[in-house]
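The block underneath contains the structure these notes are about, expressed in structure tokens.
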Amino acid sequence: MNVLTRMWKREWPLHLMLVPGIMLVLIFSYVPMAGIVMAFQKYVPNKGLFGSPLIGLRNFRLLIDYPDIGRVFFNTVYIAVMKIFAGLLVPITIAILLNELRREWIKRTFQTLVYLPHFMSWVLLGGILVDVLSPTSGVFNQLLGFLGIKPIFFLGDNHWFPYVMVASDIWKEFGFGTIVYLAALTGINPSLYEAAAMDGASRLKQTFHITLPGMMPIIILMFTLNIGNVLNAGFEQIFNLYSPPVYESADIIDTFVYRMGVQQAQFGFATAVGLLKSIVSFIFISISYVLAYRVANYRIF
Amino acid sequence: MTTDRSLGRKIFVAGNLAFLMLISFMCLMPILHILAISFSSGQAAAAGKVVLWPVEFTTAAYDNVFGKPEYLRAFSVSIQRVVLGTSVSMFLMILTAYPLSKDPRNFRLRTFYSWFFVFTILFSGGLIPSYLTVKNLGMIDTMWALVLPSAVPVFNVILLLNFYRNLPKELEESSRIDGAGHFKTLWKIYVPLSLPALATTGLFTMVWHWNSWFDGMLYMNHTENYPLQTFLQTVIIKMDFRFIKSENVELMLKLSDRTSRAAQIFVAAFPILIVYPFLQRFFIKGIVMGSVKE
Amino acid sequence: MRLNRKFLLIAALSVCVTMTACGNNDKQSEKSSPSASASEQGSTASASNDPKDSNEVVEVSTVSQSDPYLKFDDGESFDKNSVYDAYEKDIGVKITNKWIADVTQYKEKVKITIASDDLPDFMQVNATQLKELTEAGMIMDITEVYDKYATEETKKFLTMDGGMQLKTATFDNKLMGIPSSYNPYYYQFLYIRTDWLKQLNLPEPKTMADLETIAEAFKTKNPGKSKTPYGLAVSKNPFSIDTGVTGLRGFLNGFHAYENMWIDDGNGGLVNSDIQPQVKDALSMLQDMFKKGLIDPEFAVKDTEKEAELIYNDGVGMVFGASWAPAQLAKGAVKDGKVVQEWGVFPIPTVDNNPTLEQIGLGVDDYYVISKKAMHPEGVIKLLNHWIVVDNHPTPEQKVYEFGKDLKEKGNNYWLLSPLRVGKQLDNNGEILPKAIANKDTSILETKDQKTRYERAMKYIEGGDTSMWWENLISGPNGAFSLIPTIQQNKQYLQNKFYGAPTAAMADRQEILLKKRDEVYFKIIMNQVSVDEFDKFVGEWKKLGGDEITKEVNEWYATHK
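Chains X, R and Y are the protein sequences, given in the same order.
Each residue of the first sequence is one higher than the one before, starting from 1 at the first, in my numbering.
Each residue of the second sequence is one higher than the one before, starting from 302 at the first, in my numbering.
Each residue of the third sequence is one higher than the one before, starting from 596 at the first, in my numbering.
Written out as structure tokens, the structure reads:
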């Protein structure tokens, strides 16, 4: 008991600091989680969450029995995984390159410019992409034409569609993504560079031996958090850009759930799919959390 | 920092500059295009004639937004929301990240608490239960409905706790030796030293609050309580042609779905766009190390 | 210790929040009690529609859509305005709003309102929600109250279509909602650049073969001197009813094929139109046109607005569209006050000697339902009665419902404030307007709609106001409306024979059937697969739940014939 009291004496301010956050999260996140039971119900509004009839795993079966489920699942993971990796690589590279710029104002200008696309909506960007990627009049295909490549119908071609989604998503978000790495770069001790330079290490070597290791905790963290998105391939983007000829390569879980929602006004199905997605995220995040701890002895959170 | 003056370095600097210029150019073009559309006539925009310069210049799309009496009200709701929401969230973030950044040896339950928070970004009960919770708390049509449900931005808390951890331990130890408690250490040592991280997470929170529109629709029962983004969803000229009226058609010729969407983007994004360059001031290198030397 | 103080503040704040929460609940219960007592008095009051019998004012709550076109007079709002005042004064019904949402967000809000079991006395919902609410027992069976309080005029008004729309709101002989009715005779037409027809010496299209000839001429002769000339404008959702312009429903109908309808199988049963052989014929011709470059190769990714660019820029001169399509075409046809494109409107051509039957809906998508907890359902019916009166034959004082307290038109669209609105299920615009405009005869105009349309068309014809060009192509002597009487008289339309709520298998399987359908239709049109894939699709359709749905639909049909 003595140990506990001593612990309490030492730690109570830390507990106290967490009280407001925990209270809010309890009220606004944990209490509504009762809604997860909808996944197993035929929800009837006037009977509420606790009175609606249970229908077991029917909603899940509806998902599993879906004839295209394999395809939809594959598309989701394929696009999402590419986005996760590219979404890590590109902002890190750009952050390092920006960091190499000497003049502060040039750096800030570039930073601000690449940050702009984050604020555009997919509805508008979708229209622009249709123009830019048009096989008959699009700029992009004209450029390919100079290289002797025949026009490609990027948005209507099952081979290209997933890559277009990844590339355009990266284009939109990388600038916003660099911010966190730029912040991480500020934490690196400048004297390390000085010492390395004195040892005759080239800039490239410095990047690999000082900059990257310095950013590593944040990189691992971002990776872990993003890996939870393995089943989120980006609804708004794909919904605005896909069409029946590319359903084969473009239909993802979220677009499927959306179309189901149009046909049946039930919340159960969407909740069930949401729950499955959460569980998958949870597993992935846990695995990378444990890996990071075992391999790098680092607790991400 | 030493400056490398070799030829290879020079080539790299030039190449890097050129590359970043190209990238920035690719980001800027579409935005100039959208900007040009927002200042073009509905007819020209609909015909796809606008490239990077307005065709048949008009401010009709902006007049349509600014001309509405609801605009100013929605703008002020948004400002209130961002100020209140960001302050509450920043406060909670700073406070929550601190204990969680401790080593489990010093704070036994930290890992449990961490998962307790992380769990909430993974699992959610969905729209209806969240709505019912807010409704049962009587917060419908109040600012609190927009601020409190998202008051603990867990993602940012995790980010911040990782930055906290990178602060040199010696600082904290010396402060503890001076007799400072946890609260004082947090306020005097952690906060000033994690300015870049605070600017980052603050920006994320601000952008999030500024951009969200769905909760405004969900929790506000009267349109006069809409924040700007929710209000802007309503200015897009999309009409049900089956019940067309003459005044609709007149407006349609001046404006179009496309011009009003384009203007909407800029009206919405402008304030948050100017915040960023301002926040860049806080991305100062060596802030931590400087303080160690002191 | 500043932080400590701040912390206390937050703690205090959270306590406050909980307290206000409780406070509000109290207020709510207070608010509900007076209406409860009012209802007790209300039930003893006379049932007569005449408010003079008693000074009793009943309160009904609803939810409203705020509309960008609704402009309030000074000092007025959804809480207090001259229209609500007029309802209260004229029929003794006081209207309150539980919430107000913009038109774009209304539907989402309705979903939440239903799911959280927080219905107002009455509100507008869609067909699926009507069924859900009926099954959950959340809304009132209004058979009796409608029978008792609806005036003869109302009853007649809502059965002008033979009672079909009311039937769709009836479950087990119980009337569960009031159809938010409109005219179901909503046809597609073929719009063609007549200046090009003339220039290239082409005849008007009578058959689908003519259509292809014209498309080919437009493509090869390129009268618009466009860089991207095509024959027919098509956009990415061509089979949806929501695609009013650049769709292909009219095209299908020309082949006696129909999009997702339940039609007679010839043996007294129903079959789904999506899998009929006529569709294959239509797709085969579309594929042929696609191969010849008569259809924009990128149509699959372009929405109506994007595809319409080709029309505005003289690339395409032929498009299927609803009667209002000229309002869309006007964006390209009228430039700098001059008409630069001449358009004509034609009936849908046919593939053979049988006339084209146009597929139409029921003219009702939404219903007004009354909550089971409503105290004064009769108030809702009174609102309905009164709306029909003031919308169709207002006295001078009743102009307040249209224009507000000044009783004159100033573009404020006060009619949008009436919380319960139904439209005519039949109109005679086709008989009246073309004649009136040709003869400049205002005496035969009957409805408000006809008068406005007439005035608009006249502004173009007499005043040379080209911004009203489109109205002439809709209502004028050679406009879209002028084609309607022939279609009506010869009954050249086909209505969905299934008008029940979605069946169980539909809820689960409709999505995959439509997805597979769109996939295969598009691939055939775009010449990615042979047209024979259609036969494979038919088999798949049946297996994937189509047979099950067909069975359910036929069971329903057996009891509703």
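Even for Gly, the Cβ is constructed at its ideal location relative to N, Cα and C.
Reference residue i, options the options, closest by Cα
{"i": "A272 of chain X", "options": "X:M7, X:M23 and X:L57", "result": "X:L57"}
{"i": "Q263 of chain X", "options": "Y:E1143, Y:I1107, Y:E1150 and Y:I1120", "result": "Y:I1107"}
{"i": "T1145 of chain Y", "options": "Y:E1128, Y:F1117, Y:K1110 and Y:P1097", "result": "Y:P1097"}
{"i": "M464 of chain R", "options": "X:G138, X:M216 and X:G156", "result": "The displayed chain sequence assigns Phe, not Met, to residue 464 of chain R. Answer by Cα proximity: X:M216."}
{"i": "I285 of chain X", "options": "X:S249, X:T255, X:S121 and X:L221", "result": "X:L221"}
{"i": "S966 of chain Y", "options": "Y:S677, Y:P715 and Y:N855", "result": "Y:P715"}
{"i": "E854 of chain Y", "options": "Y:K886, Y:T899 and Y:I836", "result": "Y:I836"}
{"i": "T841 of chain Y", "options": "Y:K706, Y:M913, Y:G956 and Y:W791", "result": "Y:M913"}
Boundaries (first-last residue) of the alpha helix (DSSP H) holding residue i
{"i": "K1131 of chain Y", "result": "E1128 to W1136"}
{"i": "R844 of chain Y", "result": "R844 to G849"}
{"i": "M880 of chain Y", "result": "P872 to K886"}
{"i": "M718 of chain Y", "result": "M718 of chain Y -> not in any alpha helix (DSSP H); beta strand (DSSP E) instead, spanning F717 to N721."}
{"i": "Y741 of chain Y", "result": "T738 to Y744"}
Proximal residues to residue i (C-beta, below 6 Å), its chain only, five neighbours per side dropped
{"i": "V576 of chain R", "result": "none"}
{"i": "G1018 of chain Y", "result": "S776 and Y777"}
{"i": "F153 of chain X", "result": "P135"}
{"i": "F752 of chain Y", "result": "I983"}
{"i": "T1154 of chain Y", "result": "none"}
{"i": "Y298 of chain X", "result": "A292"}
Pairwise C-alpha distance: residue j and residue i
{"i": "R788 of chain Y", "j": "D68 of chain X", "result": "43 Å"}
{"i": "P91 of chain X", "j": "T729 of chain Y", "result": "53 Å"}
{"i": "D891 of chain Y", "j": "L1078 of chain Y", "result": "29 Å"}
{"i": "G1134 of chain Y", "j": "L449 of chain R", "result": "54 Å"}
{"i": "Y520 of chain R", "j": "V455 of chain R", "result": "22 Å"}
{"i": "G187 of chain X", "j": "G214 of chain X", "result": "8 Å"}
{"i": "V453 of chain R", "j": "V180 of chain X", "result": "19 Å"}
{"i": "I312 of chain R", "j": "T506 of chain R", "result": "39 Å"}
{"i": "S281 of chain X", "j": "A80 of chain X", "result": "12 Å"}
{"i": "I709 of chain Y", "j": "P45 of chain X", "result": "7 Å"}
{"i": "I149 of chain X", "j": "A446 of chain R", "result": "55 Å"}
Cβ shell of residue i (< 7 Å), same chain only, five flanking positions each side left out
{"i": "V985 of chain Y", "result": "Q993 and Y996"}
{"i": "F1076 of chain Y", "result": "S918, N1024, G1025, L1028, P1029, I1069 and S1070"}
{"i": "Q534 of chain R", "result": "W514"}
{"i": "A895 of chain Y", "result": "K831, F1117 and M1121"}
{"i": "N862 of chain Y", "result": "none"}
Test item: CB-CB of residue i and residue j under 8 Å
{"i": "P469 of chain R", "j": "L14 of chain X", "result": "no"}
{"i": "A827 of chain Y", "j": "V1148 of chain Y", "result": "The residue you asked about is not Ala; residue 827 of chain Y is Leu in the sequence shown. Not a contact, by the Cβ cut-off of 8 Å."}
{"i": "L529 of chain R", "j": "S379 of chain R", "result": "yes"}
{"i": "G1071 of chain Y", "j": "P1029 of chain Y", "result": "yes"}
{"i": "K1157 of chain Y", "j": "N1007 of chain Y", "result": "Residue numbering for chain Y in the displayed model covers 596 to 1156; residue 1157 of chain Y lies beyond these limits and cannot be assessed."}
{"i": "F915 of chain Y", "j": "F813 of chain Y", "result": "no"}
{"i": "T823 of chain Y", "j": "L905 of chain Y", "result": "yes"}
{"i": "M33 of chain X", "j": "G268 of chain X", "result": "no"}
{"i": "S1164 of chain Y", "j": "I686 of chain Y", "result": "Within the shown structure, residues of chain Y are numbered from 596 to 1156, placing residue 1164 of chain Y beyond reach of any answer."}
{"i": "R108 of chain X", "j": "Q581 of chain R", "result": "yes"}
{"i": "Y1049 of chain Y", "j": "A1031 of chain Y", "result": "yes"}
{"i": "K718 of chain Y", "j": "V705 of chain Y", "result": "The displayed chain sequence assigns Met, not Lys, to residue 718 of chain Y. A contact, by the Cβ cut-off of 8 Å."}
Residue range of the beta strand (DSSP E) that includes residue i
{"i": "M913 of chain Y", "result": "M913 to A917"}
{"i": "S775 of chain Y", "result": "I773 to S776"}
{"i": "G939 of chain Y", "result": "W938 to F941"}
{"i": "N1091 of chain Y", "result": "Per DSSP, N1091 of chain Y belongs to no beta strand (DSSP E) and is neither H nor E."}
{"i": "R788 of chain Y", "result": "Q783 to R788"}
{"i": "L144 of chain X", "result": "Where L144 of chain X is concerned, there is no enclosing beta strand (DSSP E), although the alpha helix (DSSP H) it sits in stretches over V139 to F146."}
{"i": "K577 of chain Y", "result": "Any answer about residue 577 of chain Y is impossible in this case: the structure gives chain Y only from 596 up to 1156."}
{"i": "T535 of chain R", "result": "Careful: T535 of chain R lies outside any beta strand (DSSP E) and carries neither H nor E."}
Sequence-distant residues of its chain with Cβ nearer than 8 Å to residue i (five each side left out)
{"i": "L1021 of chain Y", "result": "M755, D756, N778 and Y780"}
{"i": "P989 of chain Y", "result": "Y996 and E997"}
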